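This report concerns only the one structure given below.
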Amino acid sequence: MLVFLYFLVCGLLFLICLHLGLHANVEKHVSKWLVWDRIFISALLIGKIVQSLRNLNHFWGINLVQILILIIIMLLVEMSFRRKRLTFGDPHLNSVVEVLSLSAVIVILI
């Protein structure tokens, strides 16, 4: 139960920081939300790696897929924040990243 709560809180904070960062108007705020977003996605990734090492005999395939999804989401978030900082973003890419991140957090919680 505590592990589920950890992933739920980190996932929600990750999604909130992602939304606020991708919709910020000032570059200073974009950078601030990017730092927080990196912290929460790293916490999710570290937690999932620890969970996969603890359950190595049982659910290694599912955990491996979830870790790969988190790494892909991390790369997409970095790309969208980079584009946001350089050109103030692409609204289509931002909405795609938000939907994919929400889907990834739901998959991580399952």
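In terms of my numbering, the numbers along the sequence shown are unbroken and rise by one, the last being 743.
For every residue, glycine included, the Cβ atom is placed at its ideal position computed from N, Cα and C.
Nothing here was measured: the structure is a model prediction, and the numbers come from that model.
Under 8 Å between C-beta atoms of residue i and residue j
i, j, result
"residue 636", "residue 674", "no"
"residue 735", "residue 648", "yes"
"residue 657", "residue 666", "yes"
Chain-order list of residues whose beta-carbon lies under 8 Å from that of residue i (same chain, five-residue window excluded)
i, result
"residue 703", "674, 677, 678, 681, 737 and 741"
"residue 728", "none"
Among the options, the one whose alpha carbon lies nearest that of residue i
i, options, result
"residue 671", "658, 715 and 638", "715"
"residue 730", "653, 685 and 743", "653"
"residue 644", "706, 661 and 717", "706"
Where residue i falls: helix, strand or coil (DSSP)
i, result
"residue 740", "helix"
"residue 659", "coil"
"residue 670", "helix"
"residue 689", "coil"
"residue 712", "helix"
"residue 634", "coil"
"residue 640", "helix"
Cβ neighbours of residue i in the same chain (closer than 7 Å, five flanking residues each side left out)
i, result
"residue 646", "673"
"residue 639", "680"
Beta-carbon contacts of residue i that lie in its chain and below 6 Å, excluding the five residues immediately before and after
i, result
"residue 700", "681"
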